[in-house]
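Down below is the structure, laid out as structure tokens.
Chains as they are written, first to last, in this note's numbering: chain A, 2 to 287; chain B, 548 to 658.
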């Protein structure tokens with residue numbers, strides 16, 4: 002049962018962390034709970050569909066369907082995370098200002114939670130489809146396995162939820178004026194890490210060259226498949242043996258997003274007539 | 548700043564479009580049955596890329612995973628998958644079936 006729980010936790014961890022960061026990053030946005038819930042539900046349904054059609058997906062694109070699918074899902078999430086951060090450089094400060102006042106629905110011109118809803122959906126979709134296949138494998142091994150399945154699944158899921166709750170409540174204890182700069186950086190690193198992982202899938206599919214086979218090797222120090230390794234992988238994109246091109250994608254994502262955030266923070270503000278020098282809290286950190 | 552962005556994205560496209568090729572006539576097959584790999588140990592020549600065909604004869608899906616080789620791929624039940632292995636330095640590279648890690652273990656030895 003413990004072995005099942007560990008695998009479930011490994012798969013759930015990334016999605017759970019993404020959900021907790023997204024929840025912290027959208028504090029004060031009305032309707033965020035619903036959007037995140039839609040993301041989780043949509044991702045779960047999507048995972049079931051992907052698992053059901055796993056063999057077609059694997060056979061697609063002359064056997065490279067899975068790699069291309071995984072990379073696409075990751076790059077879509079990177080785009081949405083980037084979009085969110087750019088948006089927050091505009092609206093972060095007014096949201097932070099409104100956090101304290103109870104029940105004041107912040108009526109902003111545009112609301113981005115659906116963007117992060119897509120991020121949640123992608124995270125759940127990718128990890129979830131593997132989980133479904135794994136659990137299906139145990140379930141089909143025979144009726145004797147059902148307690149193992151239920152127990153392991155419950156334990157792994159619980160551990161994932163506890164970890165992400167800890168992360169969430171840790172994050173929201175940060176004072177409101179700093180919260181969005183912290184979540185902004187977390188999302189930036191999350192996006193860069195996902196871009197690097199997407200690049201790795203494209204290297205595996207032989208679509209991208211590795212550009213440096215192994216820039217470093219810390220697999221003895223912190224293995225990729227340890228829980229801490231997975232945690233760091235999700236949070237900052239840690240990889241024990243990165244390809245050169247992964248570092249390139251990481252740096253490119255960070256660079257492009259930081260430039261975009263700076264450009265958009267200084268652009269003309271369409272609404273609200275507040276001070277033109279309104280940079281967000283993320284902006285001030287940069 | 549913006550210009551250098553354009554330039555780097557151009558470089559990226561050049562990379563994406565450039566042909567990536569190395570000798571791949573070499574091919575090895577692993578069979579998975581009752582959550583065990585056969586052969587458990589696969590000897591391959593070092594310094595040569597090859598195709599690794601993994602045939603899953605079990606009815607359930609398995610995830611072929613190797614952190615040493617940096618490969619991971621789900622193989623549906625009763626299907627096979629092809630993985631591209633880059634030229635390896637001499638050494639031992641472990642792999643597992645992640646969904647049945649207790650039994651599905653093996654290694655590639657590059658000489």
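Quick reminder that beta carbons are idealized off the backbone N, C-alpha and C, glycines included.
Cα-Cα separation between residue i and residue j, rounded to whole angstroms
i: residue 109(A); j: residue 91(A); result: Only weak support is given to the placement of residue 109(A): the predicted model assigns it a pLDDT of 48, under 50, and the question is left unresolved by the model.
i: residue 567(B); j: residue 60(A); result: Because the pLDDT of residue 567(B) is 49, which lies under 50, any placement of that residue in the model is unreliable, and the number read from its coordinates should be weighed accordingly. If you take the alpha carbons of residue 567(B) and residue 60(A), they lie about 21 angstroms apart.
i: residue 111(A); j: residue 31(A); result: Note that residue 111(A) scores a pLDDT of 48, beneath 50, so its modelled location is shaky; the value from the coordinates is reported in the next line. Near 11 angstroms, if we compare the C-alpha coordinates of residue 31(A) and residue 111(A).
i: residue 583(B); j: residue 651(B); result: 4 angstroms
i: residue 197(A); j: residue 250(A); result: 5 angstroms
i: residue 255(A); j: residue 64(A); result: 32 angstroms
i: residue 80(A); j: residue 124(A); result: 13 angstroms
i: residue 586(B); j: residue 642(B); result: 12 angstroms
i: residue 644(B); j: residue 40(A); result: 30 angstroms
i: residue 122(A); j: residue 42(A); result: 8 angstroms
i: residue 239(A); j: residue 205(A); result: 18 angstroms
i: residue 618(B); j: residue 640(B); result: 11 angstroms
i: residue 603(B); j: residue 646(B); result: 13 angstroms
i: residue 625(B); j: residue 132(A); result: 19 angstroms
i: residue 189(A); j: residue 142(A); result: 42 angstroms
i: residue 575(B); j: residue 15(A); result: 33 angstroms
i: residue 614(B); j: residue 77(A); result: 25 angstroms
i: residue 200(A); j: residue 68(A); result: 10 angstroms
i: residue 221(A); j: residue 230(A); result: 11 angstroms
i: residue 71(A); j: residue 628(B); result: 16 angstroms
i: residue 23(A); j: residue 191(A); result: 11 angstroms
i: residue 248(A); j: residue 631(B); result: 21 angstroms
i: residue 107(A); j: residue 259(A); result: Its pLDDT being 45, under 50, residue 107(A) is placed unreliably in this model, and the value from its coordinates should be taken loosely. C-alpha separation (whole angstroms): 26 angstroms.
Under 9 angstroms between C-beta atoms of residue i and residue j
i: residue 19(A); j: residue 120(A); result: yes
i: residue 25(A); j: residue 130(A); result: no
i: residue 75(A); j: residue 621(B); result: no
i: residue 6(A); j: residue 157(A); result: yes
i: residue 194(A); j: residue 89(A); result: no
i: residue 137(A); j: residue 607(B); result: yes
i: residue 153(A); j: residue 262(A); result: no
i: residue 166(A); j: residue 33(A); result: no
i: residue 592(B); j: residue 636(B); result: no
i: residue 237(A); j: residue 128(A); result: no
Contact with chain D by residue i, beta-carbon distance below 9 angstroms
i: residue 593(B); result: Reference to chain D is not applicable here, since the protein chains of this structure are A and B.
Per-residue contacts from residue i into chain B (C-beta, under 9 angstroms)
i: residue 205(A); result: 617, 618, 619, 620, 630, 631
i: residue 4(A); result: 648, 649
Per-residue contacts from residue i into chain A (C-beta, under 7 angstroms)
i: residue 623(B); result: 55, 56, 59
i: residue 626(B); result: 56, 59
Neighbouring residues, chain B, relative to residue i (Cβ below 7 angstroms)
i: residue 146(A); result: Residues of chain B passing the Cβ test: none, with the nearest at roughly 11 angstroms.
Partner residues on chain A for residue i, Cβ-Cβ distance less than 8 angstroms
i: residue 590(B); result: What residue 590(B) touches in chain A: nothing, since even the nearest Cβ is about 21 angstroms away.
i: residue 610(B); result: 131, 134, 135
i: residue 606(B); result: 141
Per-residue contacts from residue i into chain B (C-beta, under 8 angstroms)
i: residue 62(A); result: The premise fails here: residue 62(A) is roughly 12 angstroms from chain B at the closest Cβ pair, so nothing lies under 8 angstroms.
i: residue 214(A); result: 633
Query raised in the report: If you measure beta-carbon to beta-carbon, which residues of the segment 646-658 of chain B are closer than 9 angstroms to chain A?
Result: 646, 647, 648, 649
Query raised in the report: Is the segment 173-182 of chain A touching the segment 595-607 of chain B, taking contact as three or more C-beta pairs under 8 angstroms?
Result: no
Report task. Give the residues from the segment 118-138 of chain A that approach chain B closer than 7 angstroms (Cβ to any Cβ), ordered along the chain. Result -> 131, 134, 135, 137, 138
Query raised in the report: Okay, do the segment 641-658 of chain B and the segment 574-593 of chain B touch, 3+ Cβ pairs below 8 angstroms being the bar?
Result: yes
Requested in this report: Compile a chain-ordered list of the residues in the segment 220-232 of chain A whose CB is closer than 8 angstroms to at least one CB of chain B.
Outcome: 220, 224, 225, 226
Query raised in the report: Given 8 angstroms as the limit, is there contact between the segment 153-168 of chain A and the segment 198-213 of chain A, that is, 3 or more CB pairs closer than that?
Result: no
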